[in-house]
Amino acid sequence: MNIIFLGAPGAGKGTQADNVSTELNIPSISTGVMLREAVADKTVMGLKAKEYMDKGALVPDDVVISIIKERLVKPDCKNGFILDGFPRTVPQAEYLEKSGVVIDLVIDIDVPDEKIIERMSGRRVCPDCGASYHVVYKPSKKGDMCDKCGKGKLIVRNDDKPEVVLSRLQTYHEQTKPLKDFYAKKGILKTVIGQEEVADTTNLTFEVIKNFKNS
Ligand code: ADP
Ligand code: ZN
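Next up, the structure:
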């Protein structure tokens with residue numbers, strides 16, 4: 133089964149993508165995580181991407197498309213995959229279509245802008261393994277250390293700074309939201325209303341997947 137998670141930055145796509153990945157035993161592929169890895173490794177592509185990311189803009193389509201192209205041919209994708217943060221523009225979605233990548237289900241996690249702004253201020257990431265936390269909604273069991281890899285000290289992402297969050301939201305409304313229509317027209321879009329409690333959003337997400345499988 134091939135699934136796309138859509139939603140504003142900070143809507144909780146990554147968390148739900150990881151839950152579904154564990155449940156269905158298929159990889160969760162995040163272009164954001166891959167880009168941050170490239171930034172940390174200071175590759176040529178990473179250095180270029182960083183300029184866009186730090187401003188809250190999207191990295192150019194050709195760059196993310198080449199990352200995704202390489203990733204989707206890996207053997208672990210053959211039984212299905214979850215895309216978290218890709219596609220983010222109509223040309224990226226058209227790329228998938230042109231390449232013959234079949235998407236079964238698109239889950240849009242819907243969270244109002246005010247909530248997004250509040251959430252992003254509490255978001256923390258592990259610079260070592262990329263794990264994502266929230267000081268209130270999803271705290272690390274080890275305080276300001278990462279409980280996934282056990283060695284990273286959690287930090288605020290550069291692009292989670294308040295000024296940048298606003299431009300990311302604007303970018304989302306202008307460039308990513310049109311994808312809802314794109315997939316609704318194909319009849320594969322399902323909306324999950326983001327809940328106060330992560331576990332409640334997870335239950336709604338699993339329900340959507342169960343309904344899909346039974347249909
Ligand atoms: P969030 O979903 O919280 O915005 P991500 O980790 O998915 O965070 O993305 C972080 C940044 O990486 C984005 O703001 C953007 O600059 C870049 N990025 C990630 N995925 C894409 C994509 N598919 N197309 C263009 N830029 C992307
Ligand atoms: Zn870690």
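Residue numbers for the sequence shown follow this note's numbering, beginning at 133 and rising by one.
In this text, a Cβ means the ideal position worked out from N, Cα and C, and glycines have one as well.
Since we're looking at a predicted model, the values are computed, not measured.
From this set, the options, which residue's C-alpha is nearest residue i's C-alpha?
| i | options | result |
| --- | --- | --- |
| residue 159 | 140, 142, 134 and 310 | 134 |
| residue 347 | 227, 236 and 211 | 236 |
| residue 311 | 238, 157, 189 and 165 | 238 |
| residue 193 | 307, 320, 263 and 301 | 307 |
| residue 195 | 251, 179 and 253 | 179 |
| residue 330 | 213, 243 and 220 | 243 |
| residue 187 | 344, 340, 302 and 309 | 302 |
| residue 211 | 313, 156 and 269 | 156 |
| residue 167 | 334, 197 and 154 | 197 |
| residue 123 | 251, 208 and 143 | Coverage of the chain is limited to positions 133 through 347, which leaves residue 123 absent and any answer about it impossible. |
| residue 222 | 231, 314, 260 and 200 | 314 |
| residue 275 | 269, 286 and 323 | 286 |
| residue 253 | 174, 214, 289 and 333 | 289 |
Given the structure, does residue i come close to the ligand ZN, in the sense that its CB is under 7 Å from one of the ligand's heavy atoms?
| i | result |
| --- | --- |
| residue 276 | no |
| residue 172 | no |
Could you pull out every residue in the same chain whose Cβ sits closer than 6 Å to the Cβ of residue i, ignoring the five residues on either side in sequence?
| i | result |
| --- | --- |
| residue 185 | 291 |
| residue 259 | 284 and 287 |
Could you check what DSSP says for residue i in three-state terms: helix, strand or coil?
| i | result |
| --- | --- |
| residue 137 | strand |
| residue 393 | Lying before the first or after the last residue shown, residue 393 is absent from the chain, which here runs from 133 to 347. |
| residue 363 | Lying outside 133 to 347, the shown extent of the chain, residue 363 is not represented and no answer is given. |
| residue 344 | helix |
| residue 231 | coil |
| residue 173 | coil |
| residue 167 | helix |
| residue 88 | A question about residue 88 goes unanswered here, because the residues of the chain that appear run from 133 up to 347. |
| residue 204 | helix |
| residue 96 | Beyond the ends of the chain as shown, which are 133 and 347, falls residue 96; an answer cannot be given. |
By Cβ distance below 8 Å, which residues in the same chain neighbour residue i in space, the five residues on each side in sequence not counted?
| i | result |
| --- | --- |
| residue 145 | 137, 138, 139, 216, 217 and 241 |
Would you say the beta carbon of residue i is closer than 7 Å to some non-hydrogen atom of the ligand ADP?
| i | result |
| --- | --- |
| residue 188 | yes |
| residue 142 | yes |
| residue 231 | no |
For residue i, which residues in the same chain have their Cβ closer than 7 Å to its Cβ, ignoring the five residues on either side in sequence?
| i | result |
| --- | --- |
| residue 249 | 297 |
| residue 272 | 265, 278, 279 and 286 |
What residue ranges within the segment 256–339 form continuous beta strand (DSSP E) runs of no fewer than 3 residues, ordered along the chain?
264–266 and 321–325
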